[in-house]
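According to the UniProt record's numbering, the stretch in the sequence shown is residues 1 to 278, in order.
Even glycine gets a Cβ: it sits at the ideal position worked out from N, Cα and C.
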Amino acid sequence: LLRCINGLESYEAGSLKVNDVEVKNLNEKELRAFRKNIGMIFQQFSLLERKTVYENVALPMECWGYKKQDIDKKVKELLELVELGDKIKSKPKELSGGQKQRVAIARALTLDPQILLCDEATSALDPSITNSILELLKKINRELGITIVVVTHQMNVVKQVCNKMAILSKGNLEAKGKVEDIFLDKPKVLEELLGELEYNVIPKQGVNIEIIERENIQKSSLLSSLAIDTKVKYSLVWGGTDKYRDKILGAFVINIKEDDKLKITNYLNEEHIEWREV
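#1: What is the C-beta distance between I202 and A251, in whole angstroms, given that I count them as a contact (C-beta under 8 Å)?
#2: Once you ignore the five residues that flank S96 on each side, which residues in its own chain have a CB closer than 8 Å to its CB?
#3: Taking the alpha-carbon positions, what's the D246 to I217 distance?
#4: When you measure from the CB of G240 to every non-hydrogen atom of the ligand COA, does any distance come out below 6 Å?
#5: Can you list the alpha helix (DSSP H) stretches of 4 or more residues lying completely in the segment 60–125, in chain order?
#6: Please state whether DSSP places K36 in a helix, a strand or coil.
#7: If you measure between the beta carbons of V253 and E210, is that distance less than 7 Å?
#8: Relative to the C-alpha of L47, which candidate in E22, L31, Y244 and K93 has its C-alpha closest?
#9: Quick one: what's got a C-beta closer than 7 Å to G7's C-beta in the same chain, skipping five residues either side?
#10: Please report the distance separating the alpha-carbon of V157 from that of D259.
#11: Contact between the segment 52–69 and the segment 2–18 is defined here as three or more beta-carbon pairs at a separation below 8 Å; is this criterion met?
#12: Using a Cβ-Cβ cut-off of 8 Å (strictly less than) and excluding sequence neighbours within five positions of S169, which residues of its own chain qualify?
#13: According to DSSP, is K231 helix, strand or coil?
#14: Using C-beta distances below 6 Å, list every residue in its chain close to F42, excluding the 5 sequence neighbours before and after it, in chain order.
#15: Given a threshold of 16 other Cβ atoms within 10 Å of its Cβ, counted over all protein chains shown, does I228 qualify as buried or as exposed?
#16: Report the CB separation of I146 from Q101 in whole angstroms; it is logged as a contact under 8 Å.
#17: Would you give the residue range spanned by the beta strand (DSSP E) that residue 285 belongs to?
#18: Just how far apart, CA to CA, sit L79 and V103?
#19: So what's N6 in DSSP terms, helix, strand or just coil?
#20: How should A166 be labelled, buried or exposed, when 16 other C-beta atoms within 10 angstroms of its C-beta is the threshold for buried?
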């Protein structure tokens with residue numbers, strides 16, 4: 001998909017537009033100019049081992065014939081952005097995996113792209129380093145206004161850095177929308193991707209109600225209010241919260257007696273709380 005987006009791979013059917021431009025209709029000259037607006041970050045960094053950090057970041061600008069003073073200014077600015085200003089003369093072998101990925105990110109930004117493509121950019125990194133790289137990508141998106149397209153099989157990456165997501169299965173687009181909506185709605189394709197069926201743990205007796213909170217619930221007292229206001233005893237079967245970028249959202253499954261169903265559902269409806277029977 002990423003290689004189709006930047007025009008490195010052709011496609012025979014369907015439509016793929018970037019900024020209203022149909023990629024497959026571009027000729028070689030147009031593709032060259034088109035690719036200048038798209039940066040790429042790889043899983044394996046793809047740095048030149050014999051060159052310094054400065055030289056690796058400068059390379060795309062040298063290929064495009066930028067003036068030396070412009071290259072120097074841009075490289076130093078970008079290395080400060082990715083917090084590697086003190087590594088400017090270092091070689092890749094002297095860097096950690098996270099630092100190498102920061103160099104690769106700086107290099108991808110040298111031509112001022114409108115779009116940044118990330119191909120499993122954190123899958124080779126330790127969890128703590130992954131978090132710092134994801135925070136850097138969020139900073140780039142926020143401060144530079146660059147659209148970032150992330151291809152990953154790590155769901156924590158999607159939740160931490162993405163606004164929207166799409167799930168591809170066997171070449172088909174099976175789900176798309178806001179990240180939090182897809183995880184809270186739990187389409188079948190997501191369950192297949194995760195390889196887990198959370199609803200398998202719920203009781204067979206009674207009524208199971210899933211309560212969904214799509215608003216930030218850092219200060220929510222819904223579950224305690226539900227018990228106090230309805231005076232209904234329930235069992236908390238399953239549930240939890242997740243952080244989606246800067247919001248904390250969640251879903252909970254409670255088990256109640258059949259006789260209490262109407263009282264609980266009426267309360268949820270009156271309070272405009274989203275729910276479904278599972």
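Considering the structure as presented:
#1: Rounded, the Cβ-Cβ distance is 12 Å, inconsistent with contact.
#2: Closer than 8 Å at the Cβ level, and outside the excluded window around S96, lie I129.
#3: D246 and I217: Cα-Cα distance of roughly 12 Å.
#4: Of ligands this structure carries none, so the ligand COA is not represented either.
#5: Unbroken alpha helix (DSSP H) runs of no fewer than 4 residues, entirely contained in the segment 60–125, are found at 68–81 and 97–108, following chain order.
#6: Three-state result, K36: helix.
#7: yes
#8: K93
#9: Leaving aside the five residues that flank G7 on each side, the residues in its chain whose CB is nearer than 7 Å to its CB run, in chain order, V23, L26, L31, F34 and R35.
#10: 42 Å
#11: Short answer: they don't touch.
#12: Here the set comprises V189, E192 and L193.
#13: coil
#14: D119
#15: exposed
#16: In fact, because the Cβ distance is near 16 Å, the residues do not count as touching under 8 Å.
#17: Because the chain is modelled from 1 through 278, residue 285 falls outside the range shown and cannot be assessed.
#18: So the two alpha carbons sit approximately 7 Å from each other.
#19: Judged by DSSP in its simplified three-state form, N6 adopts coil rather than helix or strand.
#20: exposed
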